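K.L.:
To start, I am sharing the structure in question, which I have written as structure tokens.
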Amino acid sequence: MGSRIRRETLVKWAPLLVLIVLCAFFAAMEPRFLSTRNFARILIAASPALMVAIGVTFVIIMGSIDLSMEGTVSVCAVAFAFCFLWLGGTLASWAWLALPVAMLVGAALGFINGLVHVKLRIPSFMASLAMGFVGTGLAMVMTGGDRIRIEDELFRSLLTERFLGFPLMVYVAGLFLLVAWFIQTRTTLGRNFYAVGGGEDLAIASGLNVNRVRVLGFTLAGVFFSVGALLAVGRIGIAETATGNNFMFLSITAVVVGGTALWGGLGGVWNTLVGVLIVFVIGNGMVVIGLPGYVQDGVLGILVILAVILSTDRKSISFVK
Amino acid sequence: MSLEKLKPYFPWITLAALVLVVGAINPSFLNPASLVQLVADIVPLFIMALGMTFAIYIGGIDLSMQQVANLVTVVATVYLVQYGIFVSLLCIGAGFAIGAISGWITTRQFVPSFVATLAMGFIALSGARFLSGERALSMNAEARDASFGWMFGNTAGVPHELVIAGILLAIAWFLQTRTTFGRALKAVGAGELAAVASGLKVDKIKILAFALSGTFAAIAGLMFSVKLSGGDANLANGFLILAIVAVLVGGTPLTGGVGGVINTLVGTLIVVVIRSAMVYLDVDATMQQMIFGVILIVAIAMTIDRSKMRIVK
């Protein structure tokens, strides 16, 4: 019995252990890795991805998947930029309204995504992939391929204003992480995600409106994608169709590396935080210790596989797809 | 004929309807010569989608195919002069090996295929970037024509690419429907636990399925390389998602066990007709991506057979 509990504990904390080992390794190779400056760099890069990954975490807990993030992030970024500039172009004016507008746009896209999935009975993989195309396309139509610059100093203070060595966007990401944690553990909706992912038959039998939970899950994911979009725009000061690029594989890899199971019912936002940090620490660490560029992709691949292997409880699953 | 019996033909009906609609609006789309050329041009995508079918048929996915194809374009370009036509063996061997390793990581190490193949793709990308020296390489034209000139050209009006595609489709179809391996694939896709219980060597079958998808990715990469006469670590980018879309639109859902290589043929044709129709119908370039996505949702909603999916996840 004792060893069984130890194994479960070990599996639960494995992603965090992997993260600590990685940090220790990079720090041993290059002491500068441990500087506040470098940690700030990692967290700045990770903040938008963390928001997107948290959004998709809820969907994955339900046993579905959402691949629409690239399109949704692009549309939210562009919608925010247009709205922001139209309303005055500085946070000190009514243009702050562009922030909630962008989040509403994200919610709306997620809502449509969920409806397409549930009402047309299309598996979420395909429905959200196609919705992602629609989103990227919509951003393309809105911008006509142009980049929109956001130069408002107040908005850019997300990046430029530092508190205790870290820029404001890191604290914003932390705040939304807490919100996500609250939703996951303290609301009925959060518990329902686990119910749907843990066993849909049971959830239906106990009278849960599964379709409603699914649509809400995708809507919530859309909101978090939009927060990711806002942070991404805050980070580089540009909104364009390409703002959403690379988020899809990055966020899902991070979720899985963090120990959230793709078949649903397991994991949560803290796992995702650890997963995102693992992916970004690997990326940053390889640059800091000076690995040549062409090796970095391969090393990332190997380390991701190892991280997932180490954090999988192989005794409790019979197969994976 | 009842609706139930018609279901397997939904993808075909969707394809026919699409072609007729586009043809009705712009008759020049139906010109046989341009249709043949249109289809010949997408043969590498089709081959990739064929390989993807095996991975999706067993309920997994292979996200490494694009990078495998990239790696192969570089390998083929670098070693063509040295090995001549036998470079193809090297390429196919590399594809088979990468696929088999992905399969091993998925089945024996319990890493979801989504992540395992994605990570293997990164490793292949590293190889391609290293081998190419991060440059776009071009093939030795003489050696290319001597070894692989037969891949392109026409015989009696039939482009050679189509013949190659036909042969590969026949092989894949034979594997899927006429061999024990094919039936084992279906068993694994439909219900892995049941397949284990009935004594199938599920791990071996799954590893082989991923190896096959890697092999097909390598063949697609080789064709790319010969067609564009060069190799580059980014040459095949953009084809992965299209290949997945082609398989899904054809009616092979990600749940596995349903669909197959013929579905993929239809799916690829649907994707290509949609893409080229937008050119024929003068759709504004910035609008194309969005319209593609919308039509995709409609096409998937029409083609997938939900009778075998109890829960839609």
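First to last, the protein sequences are chains A and B. Here the first sequence is numbered in this note's numbering, starting from 0 and rising by one per residue. Here the second sequence is numbered in this note's numbering, starting from 9 and rising by one per residue. Beta carbons: idealized from backbone N, C-alpha and C, even for Gly. Quick caveat, the model's predicted, so the values are computed rather than measured.
Quick check on the burial criterion: 16 or more other C-beta atoms within 10 angstroms. Buried or exposed for residue 214 (chain B)?
P.N.:
Residue numbering aside, residue 214 (chain B) sits at position 206 when the second sequence is read from its first letter. Answer is buried; the Cβ neighbour count reaches 16.
K.L.:
Sort A:149, A:296, A:271 by Cα distance to residue 50 (chain A) and report the nearest one.
P.N.:
The count along the first sequence starts at 1 and reaches residue 50 (chain A) at position 51. When only C-alpha atoms are compared, the closest one is A:271.
K.L.:
Report the three-state DSSP secondary structure of residue 238 (chain A) (helix, strand or coil).
P.N.:
In the first sequence, residue 238 (chain A) corresponds to position 239, counting from 1. Residue 238 (chain A) falls in the strand class under three-state DSSP.
K.L.:
DSSP three-state call for residue 163 (chain B): helix, strand or coil?
P.N.:
Within the second sequence, the letter at position 155 stands for residue 163 (chain B). Note: residue 163 (chain B) maps to strand in three-state DSSP.
K.L.:
Take the Cβ of residue 0 (chain A) as the centre, count every other Cβ of all protein chains shown within 10 Å, and call the residue buried at 16 or more, exposed below.
P.N.:
The residue labelled residue 0 (chain A) in the question sits at position 1 within the first sequence. In this predicted model, residue 0 (chain A) has a pLDDT of only 44, less than 50, meaning its place in the structure is not dependable; the value taken from the coordinates is given anyway. Answer is exposed; the Cβ neighbour count stays below 16.
K.L.:
Out of A:300, A:310, A:309, A:97, state which residue places its alpha-carbon closest to the alpha-carbon of residue 126 (chain B).
P.N.:
Numbered from its first residue, the second sequence carries residue 126 (chain B) at position 118. It is A:300 whose Cα lies nearest to the Cα of residue 126 (chain B).
K.L.:
When burial is assigned at 16 or more other CB atoms within 10 Å of the CB, is residue 194 (chain B) buried or exposed?
P.N.:
What you label residue 194 (chain B) is simply residue 186 of the second sequence in a count that begins at 1. Residue 194 (chain B) is buried by the Cβ-count criterion.
K.L.:
Answer yes or no: does any C-beta atom of chain E fall closer than 8 Å to that of residue 106 (chain B)?
P.N.:
The chain labelled as chain E is not found among the protein chains of the depicted structure, namely A and B.
K.L.:
Below 8 Å CB to CB, which residues in the same chain sit around residue 45 (chain B) once its five sequence neighbours on both sides are set aside?
P.N.:
Taking the second sequence and counting its residues from 1, one reaches residue 45 (chain B) at position 37. For residue 45 (chain B), where only same-chain residues beyond five positions count, the Cβ hits under 8 Å are 167.
K.L.:
Check the Cβ of residue 130 (chain A) against every Cβ in chain B and list those closer than 8 Å, keeping chain order.
P.N.:
Position 131 of the first sequence, counted from the first residue, corresponds to residue 130 (chain A). Ordered by position in chain B, the residues that pass the 8 Å Cβ test against residue 130 (chain A) are 301, 305.
K.L.:
Indicate whether residue 238 (chain B) and residue 85 (chain B) have their beta-carbon atoms separated by less than 8 Å.
P.N.:
Counting from one through the second sequence, the residue named residue 238 (chain B) turns up at place 230. Counting from one through the second sequence, the residue named residue 85 (chain B) turns up at place 77. Cβ atoms of residue 238 (chain B) and residue 85 (chain B): closer than 8 Å.
K.L.:
Based on Cα-Cα distance, which residue from A:38, A:60, A:5, A:29 lies nearest to residue 269 (chain A)?
P.N.:
Counted from its first residue, the first sequence places residue 269 (chain A) at position 270. Among A:38, A:60, A:5, A:29, the Cα nearest to that of residue 269 (chain A) belongs to A:60.
K.L.:
Pull up the distance between the alpha-carbon of residue 170 (chain A) and that of residue 95 (chain B), whole angstroms please.
P.N.:
On the first sequence, position 171 is the one that residue 170 (chain A) refers to. On the second sequence, position 87 is the one that residue 95 (chain B) refers to. The straight-line gap from Cα to Cα measures roughly 54 Å.
K.L.:
Looking at the C-beta of residue 288 (chain A), does it have a partner C-beta in chain B at a distance below 8 Å?
P.N.:
To locate residue 288 (chain A), count along the first sequence from 1; it is residue 289. Interface residue (Cβ-Cβ distance to chain B less than 8 Å): residue 288 (chain A) is not classified as such.
K.L.:
Have a look at A:28, A:10, A:134, A:14 and flag the residue whose alpha-carbon is nearest the alpha-carbon of residue 239 (chain A).
P.N.:
For the purposes of this step, residue 239 (chain A) is taken as residue 240 along the first sequence, with counting starting at 1. Taking only the C-alpha atoms, the option nearest residue 239 (chain A) is A:134.
K.L.:
Under 8 Å between the Cβ atoms of residue 309 (chain B) and residue 76 (chain B)?
P.N.:
Taking the first residue of the second sequence as position 1, residue 309 (chain B) is located at position 301. Taking the first residue of the second sequence as position 1, residue 76 (chain B) is located at position 68. Against a cut-off of 8 Å, the Cβ pair of residue 76 (chain B) and residue 309 (chain B) comes out as no contact.
K.L.:
Residues of chain B with a CB under 9 Å from the CB of residue 170 (chain A): which are they?
P.N.:
In the first sequence, counting from the first residue as 1, residue 170 (chain A) sits at position 171. The contacting residues do not exist; residue 170 (chain A) stays about 30 Å from chain B at best.
K.L.:
On the DSSP bridge assignment, give the partners of residue 165 (chain A) in chain order.
P.N.:
The residue labelled residue 165 (chain A) in the question sits at position 166 within the first sequence. Paired residues: A:162.
K.L.:
If you draw a straight line from the C-alpha of residue 157 (chain A) to the C-alpha of residue 183 (chain B), how long is it?
P.N.:
Here the question's residue 157 (chain A) lines up with position 158 in the first sequence. Here the question's residue 183 (chain B) lines up with position 175 in the second sequence. Whole-angstrom Cα-Cα distance: 57 Å.
K.L.:
Can you pull out the residues from the region 277-295 of chain B whose beta carbon lies closer than 9 Å to at least one beta carbon of chain A?
P.N.:
292, 293, 294, 295
K.L.:
In chain B, which residues lie less than 7 Å from residue 36 (chain A) when you measure between Cβ atoms?
P.N.:
Your numbering for residue 36 (chain A) matches position 37 in the first sequence. Chain B residues near residue 36 (chain A): none, gap ~28 Å exceeds 7 Å.
K.L.:
Which residues, in order along the region 46-71 of chain A, keep a beta-carbon less than 7 Å from a beta-carbon of chain B?
P.N.:
62, 63
K.L.:
Buried or exposed for residue 200 (chain B), going by 16 or more other Cβ atoms inside 10 Å?
P.N.:
In the second sequence, counting from the first residue as 1, residue 200 (chain B) sits at position 192. Result: buried.
K.L.:
Grab me the residues of residue 235 (chain B)'s own chain with a C-beta within less than 6 Å of its C-beta, minus the 5 sequence neighbours each way, in chain order.
P.N.:
If you number the second sequence from 1, residue 235 (chain B) lands on position 227. Here residue 235 (chain B) has no same chain residue with a Cβ atom under 6 Å from its own Cβ, once five neighbours each way along the sequence are excluded.
K.L.:
Under 8 Å, Cβ to Cβ, is there at least one residue of chain B near residue 190 (chain A)?
P.N.:
Stepping through the first sequence from its first residue, residue 190 (chain A) is reached at position 191. It does not; no Cβ of chain B falls within 8 Å.
K.L.:
Using the beta-carbon count (16 or more within 10 Å), is residue 20 (chain B) buried or exposed?
P.N.:
Sequence index remark: in the second sequence, residue 20 (chain B) carries index 12 (1-based). Answer is buried; the Cβ neighbour count reaches 16.
K.L.:
Distance, Cα to Cα, residue 47 (chain A) vs residue 243 (chain A)?
P.N.:
Residue mapping note: residue 47 (chain A) aligns to position 48 of the first sequence, counting from 1. Residue mapping note: residue 243 (chain A) aligns to position 244 of the first sequence, counting from 1. Answer to the nearest angstrom: the Cα atoms are 10 Å apart.
K.L.:
Check residue 143 (chain B) in the structure and name its three-state DSSP category.
P.N.:
Here residue 143 (chain B) is taken as the residue at index 135 of the second sequence, counted from 1. Residue 143 (chain B): coil per DSSP, three-state reduction.
K.L.:
Secondary structure at residue 116 (chain B), three-state DSSP: helix, strand or coil?
P.N.:
Taking the first residue of the second sequence as position 1, residue 116 (chain B) is located at position 108. It is helical.
K.L.:
Hey, out of B:307, B:282, B:42, B:156, whose CA is closest to residue 297 (chain B)'s CA?
P.N.:
Along the second sequence, read from residue 1 onward, the residue named residue 297 (chain B) stands at position 289. Closest by alpha carbon: B:282.
K.L.:
Take every Cβ of the region 167-184 of chain A, pair it with every Cβ of the region 111-122 of chain A, and state whether three or more of those distances are shorter than 8 Å.
P.N.:
no
K.L.:
Mapping the DSSP letters down to three states, classify residue 147 (chain A) as helix, strand or coil.
P.N.:
Translated into positions along the first sequence, residue 147 (chain A) becomes position 148. It is a strand residue.
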